[in-house]
Amino acid sequence: KWKQMVADDGRQSSSVLPTPSRFLLNLSKPTLPHPQWEEISVMDERNTPMRTYQVCNVMEANQNNWLRTRHISREGAQRVHIEIKFTLRDCNSLPGVPGTCKETFNMYYYESNNANLWFIKESQYVKIDTIAADESFTQVDVGDRVMKLNTEVRDISNLSKKGFYLAFQDLGACIALVSVRVFYKKCPLTVLNLAQFPDTITGGDTALVEVRGVCVNASEEFEAPKMYCSADGGWLVPIGRCVCKPGFEENKDGCQPCRPGTYKASATDAYCTKCPPHSSSPQEQAFECVCERGFYRAETDPRSMACTRSPSAPENPISTVNETCITLEWSPPRDTGGRGDVTYSLHCRKCSGDSRKCTPCGSSIHFVPRQFGLSSPTVLVTDLQPDSNYSFTVESQNGVSDLSPTPKGTVVINVTTSQTVSVVLKERRSKDSVTLAWQGPERPDGAIVEYEVIYYEKREQNYTVLKTRSNMMTVEGLKPGTTYVFRVRARTDGGYGTYGGEIELETRLPRVRSYLSIRIYNIGVQNIHDHKAAVHFSCRHCGYIKAKQDPDEEKMQFQHGRVKLPGSRIYIHPHTYEDPNQAVRDFAKEIDASNIRIERVIGAGEFGEVCSGRLRVQGKREIYVAIKSLKAGYSDKQRKDFLSEASIMGQFDHPNIIRLEGVVTKCKPVMIITEFMENGSLDTFLKKHDGQFTVIQLVGMLRGIASGMKYLSDMSYVHRDLAARNILVNSNLVCKVSDFGLSRVLEDDPEAAYTTRGGKIPIRWTAPEAIAYRKFTSASDVWSYGIVMWEVISYGERPYWEMSNQDVIKAIDEGYRLPAPMDCPVVLHQLMLDCWEKGRSDRPKFGQIVTILDKLIRNPASLRELANSSACREDPSTPELSVNTVDEWLEAIKMGQYKENFSSAGYVSLDSILYISVSELAKMGVTLAGHQKKILSSVENLQSQGTHVQV
């Protein structure tokens, strides 16, 4: 007889398989006289009807009573749980029961895809477990209505078919099956990190199920959201997250739109923020605030930056005219537009005629450092035409100027070039008077009415003004042995011109001289009076000796055993510290490694790799830096030598010395952080851009290097390895001295030199005394600077080409010097030769080199004459040269760079050179001893030829 029973369909916190309310079938053999499992309704302790299946055939042996469910769909679950509640009678409480009574029963299952099986063989079932009761009852318990209900839970794992059947086998027990509950567990739907994870059925046994989350509305994946569903139905290990899209911010339930007046530009930003100044967002969901009218935001500006506008015009324009050169200066605009990237550009127009018609200047004039994109409010304009009118428009602009429809802020500077400077000539002087003569302006603005002479005692500077119609004047009543300063200017109908070049004269007794005779050939009286006698002489001596005492050295003073210029600093060598780490702490800033981001390798140094990257400075924008790292496995000595370079650089603060940003010593790798130079080393940069720069640009580079070396020299510091490869160039063509690995400091004695104990020496760049005796001074650095000059002008050519080091040493010792590179100006090659003087004291100081280069930059015309194969022949058969003026005489002896010096000092006629002396040359700016000797030797050569003067 088949019977069905009602199953308990109660639910747990986890899901329950939906089962029919009647799902148990009685499979007892129908041949038995009584049904083995009987469906019986009973009342529980609450008097509620309760349906059960019972069997209690304990008096008969060999019981095998089966009760089976219908097909149960597993609905994707791999593991299901079976909870059964039952009561069981104690065999001892049954009187007269034979030994066949049991107190257990068995539970089985069978997987199948067929939902309509009515017969399953016993051998096909898989046993789940033998079920025993924790609590059994007796007849007395039944009378007292004490329900001793047992609950047991078992599970089935690794299910794979559509469903399964459950079966219960009785072998002779007294059982009442109260309920059967079949269920599986799942992880419930949840939202975490703005990602929704659906209901997920647990895996088999203890396996974790990986679940990919889906971003809630108005959010997007920042990192793929994942979680794992555990076998117990709990979510574990959240990974990744979603973020609210631009224009939305996170709230408790998801993402909500930004309110008007706020915005969110990036999905990685957590919340909406208020619009920056001069911008607004009138609607919701704004990912960018719109700029107000008249304000703009550049494409490269961050969305969080305030909207800005074009700057106003530059203010307070000033022009300083120096013949055909003009220095223009101005003040920054009062209103920068709210930005810090203000630059300036200049537009030049040349005006002529009464109608003031103006045309563009063209490419014949030059701007130093450049015409467009100036960051500083000053520029030098060269190669202008004399006595001409120019109009310069200075335009200020910033990052949003091109977006603004309004005209850029401009200021106009009108200037006129002039050559009206009067030239002062010293005629003679005594202990209490000075006679002056001068030339008038070449192109005066009308007829000259009178000349004005102003002079004052140099120490007092209380000036006296004298006037005369003549171009000569004797100033009397002066103090003997006193230095006076004289200046002259002319007055025309149009007003006063500019003062002539300043000249200093010292009153003293006349010096006894032998008269120099000049032979006159067929020259008339008129020519003699006009001081235009033809002078014939031969050039014999091209070499000359440099002064051993720099005039600046007169200002030096001894302090604490060291020579020290006023206001200068003295370099301290890190090896003088007992603890080298203390030197690093004193001179270098420690940087947190977390503030450094290394981006790429750009080279290799002696101690490790050199990389480029960014340094984040608190309160400032990130800056590009170069990063030298100490390779792994270093020794204590290597670490000390590596950091000593930082201790050296940390003491320097100069625009032409590489700047140290700091060091990393508290973690590995140990690093030195310096400013980043975009164009790399000077030699490689020049080779890459061969022939692409003007001479003025090259001289500007050399001037920067010399300025940096002057700074080092003033600190009593010797570099020892000055070469183009150790000069770095930034994006603005600023050259900076670097690589202080071989550098050494001077001893306390100002005449002492540092002597090395060995090591490699760069022969082609090193002075002879440093090669022979390993003695290094600032003078040996000057020799190296001369080689750097040659490298720059030749665009990175190798010094001495393919000559061996030994051949180079021998050639230098025999007097050989590098010839002028192609298209090298005479004055630059002469300066190189000055740097390569054999005697250390005969070479110029770095301060003198800077002064010379400054003059060349201010007077680009002096760079036009190019060097030839021979500056001067020493052959006695050299034909005589005929000269008529001082300028021609200077050109003949290859001293043409001093034309302006001589004319400013008043030496305008040939006979005036008879009164020249060393001190007078120094005062007029001829400070190099070799140049002084060359000039004086030319006069002595004339005397030695026995020429005569006829007057």
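With positions in the sequence shown counted from 1, the corresponding number in the working numbering is that position plus 88. Every residue, glycine too, gets a C-beta built ideally from N, C-alpha and C. Quick caveat, the model's predicted, so the values are computed rather than measured.
The alpha-carbon of T157 is positioned some 9 Å away from that of F256. For H454, the enclosing beta strand (DSSP E) has its first and last residue at H454 to V456. A distance below 6 Å between beta-carbons, with the five flanking residues on each side excluded, links S882 to the following residues of its chain, in chain order: P909. For F256, DSSP records a beta bridge to L155 and M195. Contact between the stretch 920–937 and the stretch 765–776 is absent: fewer than three C-beta pairs spanning the two stretches fall below 8 Å. DSSP, read as helix, strand or coil, puts C755 in coil. Secondary structure note for C436: it is in no alpha helix (DSSP H), and the uninterrupted beta strand (DSSP E) holding it is T431 to S440. Between the stretch 790–798 and the stretch 705–717 there are fewer than three inter-stretch CB-CB distances shorter than 8 Å, so the stretches are not counted as touching. Minimum Cα-Cα distance from R139 among the listed residues A401, L468 and V268 corresponds to V268. 7 Å or more divides the Cβ of V430 from the Cβ of P405. Distance from S369 to K333 at the Cβ level is roughly 15 Å; contact not present, criterion being Cβ atoms closer than 8 Å. The stretch 216–223 makes no contact with the stretch 268–286: fewer than 3 CB pairs, one atom from each, lie closer than 8 Å.
For E979, the enclosing alpha helix (DSSP H) has its first and last residue at V974 to A980. Membership of H661 in any alpha helix (DSSP H) is not indicated, and neither H nor E is assigned to it by DSSP. DSSP places Q894 inside the alpha helix (DSSP H), whose first and last residues are N893 to D901. Going by C-alpha positions, G994 is about 6 Å away from W526. Judged by DSSP in its simplified three-state form, G696 adopts coil rather than helix or strand. Membership of I711 in the beta strand (DSSP E) is indicated by the continuous run I711 to S717. The beta carbons of A681 and S735 sit no closer together than 7 Å. The three-state secondary structure of R579, taken from DSSP, is strand. Secondary structure remark: continuous beta strand (DSSP E) runs of at least 3 residues inside the stretch 724–787, in chain order: 748–752 and 759–763.
When the beta-carbon positions are compared, A386 and H366 stay at least 7 Å from each other. In the displayed model, E890 falls within coil according to three-state DSSP, outside both helix and strand. Between A283 and C330, the C-beta gap is smaller than 7 Å, which places the two residues in contact. The beta carbons of C346 and G335 sit closer together than 7 Å. Each of V880, D901, D895 and G927 was checked against the Cα of C912, and the nearest Cα belongs to V880. Around the beta-carbon of F207, fewer than 16 other beta-carbon atoms lie within 10 Å, marking it exposed. Taking one beta carbon from each stretch, the stretch 314–322 and the stretch 284–304 have 3 or more pairs nearer than 8 Å; the two touch.
With contact defined as three or more Cβ pairs closer than 8 Å, the stretch 785–795 and the stretch 848–861 are not in contact. DSSP places N559 in no beta strand (DSSP E); its state is neither H nor E. Residue range C343 to P345 is occupied by the beta strand (DSSP E) that includes P345. In the DSSP assignment, E548 forms no beta bridge with any residue. Between R557 and E540 a beta carbon distance of about 11 Å is seen, past the 8 Å cut, so the two are scored as non-contacting. Between the stretch 848–857 and the stretch 759–767 there are fewer than three inter-stretch CB-CB distances shorter than 8 Å, so the stretches are not counted as touching. Of the candidates R134, Y659 and C144, C144 places its Cα closest to the Cα of E127. Judged by beta-carbon spacing, C439 lies within the 7 Å limit of C446, meaning their Cβ atoms are closer than that value.
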